[in-house]
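Q: Input: one structure, supplied below.
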Amino acid sequence: MPIQLKNVTLDAADPPKLANFWSAATGQPINESSPYFAMLEPSEIGVRMLFIKVPEGKTAKNRMHVDFHAPDREAEVQRLVGLGATRGATYDEYGVNWTTLSDPEGNEFCIAREH
Numbered sequence: 033m034p035i036q037l038k039n040v041t042l043d044a045a046d047p048p049k050l051a052n053f054w055s056a057a058t059g060q061p062i063n064e065s066s067p068y069f070a071m072l073e074p075s076e077i078g079v080r081m082l083f084i085k086v087p088e089g090k091t092a093k094n095r096m097h098v099d100f101h102a103p104d105r106e107a108e109v110q111r112l113v114g115l116g117a118t119r120g121a122t123y124d125e126y127g128v129n130w131t132t133l134s135d136p137e138g139n140e141f142c143i144a145r146e147h
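Be aware that the sequence shown starts at 33, since it is given in the working numbering, and climbs by one per residue.
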């Protein structure tokens, strides 16, 4: 049997605060939260988001990031910026239109819409 994605784990300075952002962004409720660890309920496809306290801050671009799709990309980008995300550049290549964003702790992710 091939491997299956079960968790997306983010290092965090403040796990509860970052979990609150991602809970509002994804609609996944917070299952557990402490100063050192937070977890969102699994999504409809079974993926949990975990947030683990680490002593060091983010210093470079992520080597991996998650992509989310939305039927109205621009409206979703505006909603996420209102929640505390930082907007990056927008691209239109390979039949996909996407905007890069960073969560409140600087972790990169994208919101895309296919043509």
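The beta-carbon is built from N, C-alpha and C at its ideal position, and this holds for glycine as well. These numbers were taken from a predicted model, which means no experiment stands behind them.
#1: Name, in chain order, the residues that DSSP records as bridge partners for Ile84.
#2: Whole angstroms are fine: how far does the CA of Glu88 sit from the CA of Asp124?
#3: Tell me, to the nearest whole angstrom, how far the beta carbon of Ala51 is from that of Asp99; I am working on the premise that it is less than 8 Å.
#4: Put Ser55 into one of helix, strand or coil per three-state DSSP.
#5: Taking all protein chains shown into account, decide if Gly135 is buried (16 or more other Cβ within 10 angstroms of its Cβ) or exposed.
#6: Are Ala44 and Glu137 touching if we call contact CB-CB under 8 Å?
#7: With distances taken between CB atoms, is the gap from Glu140 to Thr132 smaller than 8 Å?
#8: Closest to Asn94 by C-alpha separation, out of Met33, Cys142, Pro34, would be which residue?
#9: Under 8 Å Cβ to Cβ from Val113, same chain only, skipping five residues before and after it: list those, please.
A: In terms of the structure at hand:
#1: Asp43, Phe69
#2: 34 Å
#3: That pair is no contact at about 20 Å.
#4: In the structure shown, Ser55 sits in a helix (DSSP, three-state: H, G or I).
#5: Note that residue 135 corresponds to Asp in the displayed sequence, not to Gly. The residue is buried, with at least 16 neighbouring Cβ atoms inside 10 Å.
#6: yes
#7: yes
#8: Cys142
#9: Arg119, Leu133
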